[in-house]
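Scroll down for the structure; my scribbles are underneath it.
Protein chains: 4
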Amino acid sequence: MISKRVRIREVGLAVGEYPPGKYNAITDVDSVKVGHATIITGKGPLRVGVGPVRTGVTAIIPHPGCLIDDPVEASYFVFNGAGTTTGLSLIDEFGLIETPIMLTNTLNVGTVYDAVVRYMIRKNFRNREVRWFNPVVGETDDGYLNDLGGLHVKTEHVFDALDSATGGHVVEGNIGAGTGTGALGFKGGIGTSSRRIRIGDVKFVVGVLVQSNHGGSLTIKGVPVGKELRKEEIKREVDGSIMVIIATNIPLSNRQLTRIAKRSTLGLTRGGWAAGHGSGDYLIAFSTSFRGKEWSSDVKAAREMILKNEKSLTPLFRATAEATEEAVLNSLFKATTMEGRDGHVRVGLPIERVLQTLKKFHRL
Amino acid sequence: MISKRVRIREVGLAVGEYPPGKYNAITDVDSVKVGHATIITGKGPLRVGVGPVRTGVTAIIPHPGCLIDDPVEASYFVFNGAGTTTGLSLIDEFGLIETPIMLTNTLNVGTVYDAVVRYMIRKNFRNREVRWFNPVVGETDDGYLNDLGGLHVKTEHVFDALDSATGGHVVEGNIGAGTGTGALGFKGGIGTSSRRIRIGDVKFVVGVLVQSNHGGSLTIKGVPVGKELRKEEIKREVDGSIMVIIATNIPLSNRQLTRIAKRSTLGLTRGGWAAGHGSGDYLIAFSTSFRGKEWSSDVKAAREMILKNEKSLTPLFRATAEATEEAVLNSLFKATTMEGRDGHVRVGLPIERVLQTLKKFHRL
Amino acid sequence: MISKRVRIREVGLAVGEYPPGKYNAITDVDSVKVGHATIITGKGPLRVGVGPVRTGVTAIIPHPGCLIDDPVEASYFVFNGAGTTTGLSLIDEFGLIETPIMLTNTLNVGTVYDAVVRYMIRKNFRNREVRWFNPVVGETDDGYLNDLGGLHVKTEHVFDALDSATGGHVVEGNIGAGTGTGALGFKGGIGTSSRRIRIGDVKFVVGVLVQSNHGGSLTIKGVPVGKELRKEEIKREVDGSIMVIIATNIPLSNRQLTRIAKRSTLGLTRGGWAAGHGSGDYLIAFSTSFRGKEWSSDVKAAREMILKNEKSLTPLFRATAEATEEAVLNSLFKATTMEGRDGHVRVGLPIERVLQTLKKFHRL
Amino acid sequence: MISKRVRIREVGLAVGEYPPGKYNAITDVDSVKVGHATIITGKGPLRVGVGPVRTGVTAIIPHPGCLIDDPVEASYFVFNGAGTTTGLSLIDEFGLIETPIMLTNTLNVGTVYDAVVRYMIRKNFRNREVRWFNPVVGETDDGYLNDLGGLHVKTEHVFDALDSATGGHVVEGNIGAGTGTGALGFKGGIGTSSRRIRIGDVKFVVGVLVQSNHGGSLTIKGVPVGKELRKEEIKREVDGSIMVIIATNIPLSNRQLTRIAKRSTLGLTRGGWAAGHGSGDYLIAFSTSFRGKEWSSDVKAAREMILKNEKSLTPLFRATAEATEEAVLNSLFKATTMEGRDGHVRVGLPIERVLQTLKKFHRL
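Protein chains in written order, with this note's numbering: chain A, 1 to 364; chain B, 365 to 728; chain C, 729 to 1092; chain D, 1093 to 1456.
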């Protein structure tokens, strides 16, 4: 049964109050595309540089145009900064992101950074002088399963993730940057979700994608699922990290996007996140609708309403937390058990028992 | 005459009130070592990927031991964040730096990051499991002279810089990460300086190393040298960036090091720095004497005095600004004229005329 | 029954895993004292400047000595900054608090600031020259019940709160700065809780005091109590604010206390906090054991352990969130229904129904 | 001669390259008004509560309308936070200021805060319910001349400053919040200056007002005037504080205003500011042209240009530094010698000798 993985809504489970978008994915935000490269080779004892390899790269592309010429307004929030995400000071200063956002394992940040530079040069500077730009590359540590020190992500994997990026359905679980991760005592991975909201009468969407690798004790709809299941099979983990990417088509400023990124932590906490000492918790938010955009009269009206009273962003605050909470759950529901180096195993979430536990507590 | 380059004190020029250390260099701080790798090839028109190449890498190693086991207490200040320095969020969270600090060109940050990862694994994880860590890599844009898009810094250059690092005398000017840079309208480069100070009765030292590539108009001892010389040969530049690395052996906390890093901007301003829109101004400060150290009774006494009244850091505030100001000047005085891609030229500071100008204004 | 108010543990309810201190209050941290002044006069329609008045002041005194000579190491975290807490920039710069921490209503911050200045001058500068210092005064808006614009807190109320401060048992609910507040749809107020933890073998304590006035939907042990009860009598509220004061006797630096303050938000979120647009969420943390203290060998050992690996703070991270969660619950459990201006009513939490709801979901 | 005080341009002195506005004052920014209340009584030995009194209040009113309904976009930068400015967290969160900006002495912040609350209630809430808002009150310490502990600023002084505020000519020197201050070894006070700039083809203005009370050594046009004069009569001071208020009519966001505020420190540094340990250096910037404004087509064009490339703000960066530098000089040039408590004297800048010194160094 564990091999049949589903998203939470496929088994009748849902969190929050706002409805998801068409794909219930970050790609519900118009121009956003997601691509993965997954590297799984070898088994048995760790031999640094050889394997076993359980890692990858995930690319989130804000829009298909030239991001250097048309960057997206962006911001971020770091809850616990035990990690590296590059490009943050440019976000502080200019309020924008000018490259795809990349996720990978901790020690391959350099490789991915370099590969994005090469990709951007090839794509955007064919007929003009190369100028400086600053890639955004985040990471979590997949070394429990993966030969982290082997640095197995190569330039071609980064190109693969970028070149294969598409809109629509997003593959989740043990894929891309989520290949070797573990979260809340189970196998983690990539997960996504979205919410449809209204600012005044105008429809917008917010989408979230996570690379779940964080510590804590799984909580669903307030039920301490992790604690209940722990009696049987899983150990408690405090540390770990999570990357959260938030996209919206609401026209927001850098300052407002900081506020949105912060709200994501409410969703993480509701899911049982521990925010431990060694956690790298980076929440990055961008808007596809601020710069270099002609706004429809609808969007203008919404922008006006926000300018007049930012309290009109309340639905977005709440929806961001909800989509974050659900993206994490989807990452766990879709990730299968994986054995990595030295016989280390991350167990896929036992979905049936989770559902039983929820029923026991009258929450399903 | 331009080929004979000197440090400012060799021509009787000095800034500030505190005396420099033995080498008047960041290496006056006990365990600190500096290494460079310099890449100069080709001339003529730019052919991306071929050259001309005018770039390099500079490594600042806080101490020769295992930085992962014995990190140095650290902090930083970003004045204008138009650039990338990796590892800053870990400094915020843990207050430390756990790798050498690397400087290079803007688009080679990924390569250098990756190479430092390899270096650290090789050096520190031979007989134990590789764990995550976060290199600190900063940069400025040397694309006016250098084939920036050609990404000419390779792993072996990074190893060279690290392996060749030494204490004592530091080579300045067109070397390492300063090979292709320009500052204040002239050829920039690597520069360094130090100051000896006392906290109570205890002697300490603060050292600064810069990769000067910043915009503005050269000012020396209050004299608008750049403006005076501009009439003849140089054009006014607003943008550009500067990396400033500050080391001290005073036992300071992360919060206190933030304060020190900020004071560095006073030295930059006195030198004519413009802090323009596109400037990446990163000031990183670390102490070799906080963690994992047995303190002498002298150092304990100084620490006690600082704890009782932080105003006792006043000499350090002033000395940091002075050493920054002088490090920039040394970078200009030592850098020779360089021709790079497409016939672009950065002119070495015309030292004699500078001295004449200072005399004209009664400042020498 | 509503008139019989109890703390949560008196009805067999508890949150978290660590044991509370003797008083289960912020005063379990050795030298900390708490005092209140409560102002309740009038009823009926609002007449600005006349009443009805439902407001007050709460004072948290870190230690009974001269705080200007012996300040406490401190830090803070602002989640949503829609409010005012004075003195924060000094905390950033010097890492300390040098006055009692005061809580009151939004528009009386000035009065309380001024009164603390007078109190400090009288107490600390009788025989020496007055020097500058910076009071820490926080607030939330009690204007739904209180004549906020009437500015009814006077200097003598502030003196009363300060002069009556004691250790030991802390009165909770509709008292002091919590007199007129409302939280999560019910009557809010002052609440407190503490946790005993160990760093290595050394026993420490962390205590939290809240002025609960925040929006959201009450959640207890994961059960959406607010949502369940809302069907009957309460309306949903998004906005509001909360002040959280965290004290510990663990020797921590300013940077470490920032980390502790952040963890408090996990407790708030578990309790149903919405962190809405207009929320003023200020979390202030201080240590009674950093400056001007002779440390016992035990404390030295703990400090050494923390310095070696900050992960040893994990119990403190978790305990802070737990104590925050419980302090909020105590504030609600102890606050009785109050009618204020214009017939506005904040209903005291219906404790029996809460317990029934928890039983229904198998969480009691 | 000292009794004849002039602004720097009246004696042929000027700093910077951009032209000043009509009044060379912060009031050159359309709607901005400035008002003062000055309190000077008594002489001789200090008797706390009696005098001598040398203090006051200065009000900067961004526009004459209801600031609560129509706040101004705002931001700030704290270089050294040894002081108190209230209302900063609201600026972080909402990016705005919703009251006049008030300056006073350190220990009267509470009184002034309270009085502004009363003023705002009276002015803006006559016919509607009072809601919360957050005054911005800054300060420096005038205790060398003034009976600081006597808390001599009263509510009526604050009302006087607010009610007497006007556009046009701004009185400088020993007035309002500058009555008792000292800067760079001389008598400080209120000073102001402005610059006219163009963004594209559109004319704008930036104005600065300072309450100068900062430490350092006076520098004018690069000449170490303080050091030269010190030989004779003044002592060196490291500490002190400065409040800098920056206004512009360029439509800027909170993030952009942060950048502007930072540039002000370049002007301070050029003037000899030490940024010492105990300095409270607060730089607050606001735009009268962001919110609730109909923009002319000219302003829209400028806004578009800034949005496309923020480098078009370069003139504003430079002009802000220039106006800050000149505002400080005006504060010194206009302030006369003042004797305060205990025979303490702050000497008015000896203008003739300053001019002679500048001539000696060929800078006049």
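All C-beta atoms in this analysis are idealised placements derived from N, C-alpha and C, irrespective of residue type, glycine included.
In angstroms with no decimal places, state the Cα-to-Cα distance between residue i and residue j.
{"i": "S945 of chain C", "j": "T1016 of chain C", "result": "34 Å"}
{"i": "K187 of chain A", "j": "G340 of chain A", "result": "11 Å"}
{"i": "V845 of chain C", "j": "P863 of chain C", "result": "7 Å"}
{"i": "G272 of chain A", "j": "A335 of chain A", "result": "18 Å"}
{"i": "R737 of chain C", "j": "F317 of chain A", "result": "33 Å"}
{"i": "M729 of chain C", "j": "R1081 of chain C", "result": "Unreliable positioning characterises M729 of chain C in this predicted model, as indicated by a pLDDT of 38, which lies under 50. The coordinate reading is nonetheless provided below. Between M729 of chain C and R1081 of chain C, the C-alpha separation is close to 11 Å."}
{"i": "S605 of chain B", "j": "G447 of chain B", "result": "8 Å"}
{"i": "L1243 of chain D", "j": "N852 of chain C", "result": "16 Å"}
{"i": "L953 of chain C", "j": "G1241 of chain D", "result": "Residue 953 of chain C is actually Val in this sequence, not Leu. Between V953 of chain C and G1241 of chain D, the C-alpha separation is close to 51 Å."}
{"i": "V1297 of chain D", "j": "A1151 of chain D", "result": "20 Å"}
{"i": "I404 of chain B", "j": "L460 of chain B", "result": "34 Å"}
Say whether chain C places a C-beta atom closer than 8 Å to the C-beta of residue i.
{"i": "S1181 of chain D", "result": "yes"}
{"i": "V1140 of chain D", "result": "yes"}
{"i": "T1150 of chain D", "result": "no"}
{"i": "F204 of chain A", "result": "no"}
{"i": "V223 of chain A", "result": "yes"}
Report buried or exposed for residue i, applying the criterion of at least 16 other Cβ atoms within 10 angstroms of its Cβ.
{"i": "G928 of chain C", "result": "exposed"}
{"i": "N1401 of chain D", "result": "exposed"}
{"i": "V1437 of chain D", "result": "exposed"}
{"i": "P1137 of chain D", "result": "exposed"}
{"i": "H169 of chain A", "result": "exposed"}
{"i": "E536 of chain B", "result": "buried"}
{"i": "H1090 of chain C", "result": "exposed"}
{"i": "P780 of chain C", "result": "buried"}
{"i": "T166 of chain A", "result": "exposed"}
{"i": "S212 of chain A", "result": "buried"}
{"i": "D1009 of chain C", "result": "buried"}
{"i": "K949 of chain C", "result": "buried"}
Chain D beta carbons: is any one of them nearer than 8 Å to that of residue i?
{"i": "E352 of chain A", "result": "no"}
{"i": "L339 of chain B", "result": "It is not possible to answer for residue 339 of chain B, since the shown part of chain B is limited to 365 through 728."}
{"i": "G376 of chain B", "result": "no"}
{"i": "V899 of chain C", "result": "no"}
{"i": "H578 of chain B", "result": "no"}
Could you work out which residues of chain F lie near residue i, taking near to mean beta carbons separated by less than 7 Å?
{"i": "F822 of chain C", "result": "Among the protein chains in the structure shown, which are A, B, C and D, there is no chain F."}
From the beta carbon of residue i, is the nearest beta carbon of chain A less than 8 Å away?
{"i": "R1347 of chain D", "result": "yes"}
{"i": "L1041 of chain C", "result": "yes"}
{"i": "G1068 of chain C", "result": "no"}
Going by C-alpha distance, which of the options is nearest residue i?
{"i": "S1007 of chain C", "options": "C:V806, C:K1039, C:T786", "result": "C:V806"}
{"i": "G571 of chain B", "options": "B:N388, B:K368, B:L377, B:T402", "result": "B:N388"}
{"i": "K1028 of chain C", "options": "C:L818, C:L912, C:P1043, C:L980", "result": "C:L980"}
Could you tell me whether the Cβ of residue i comes closer than 8 Å to any Cβ of chain B?
{"i": "F1409 of chain D", "result": "yes"}
{"i": "V78 of chain A", "result": "yes"}
{"i": "R1146 of chain D", "result": "no"}
{"i": "K1060 of chain D", "result": "Outside the modelled stretch of chain D, which goes from 1093 to 1456, sits residue 1060 of chain D, for which no answer is possible."}
In chain order, each beta strand (DSSP E) run of at least 3 residues that lies wholly inside the region 483 to 557 of chain B: 500 to 504
Tell me the start and end of each unbroken alpha helix (DSSP H) in the region 961 to 1044 of chain C that is at least 4 residues and wholly inside, in chain order. The qualifying runs are 982 to 998, 1025 to 1036.
Can you list, in chain order, the stretches of the beta strand (DSSP E) that have 3 or more residues and sit fully within the region 384 to 471 of chain B? The qualifying runs are 397 to 405, 417 to 425, 436 to 445, 465 to 469.
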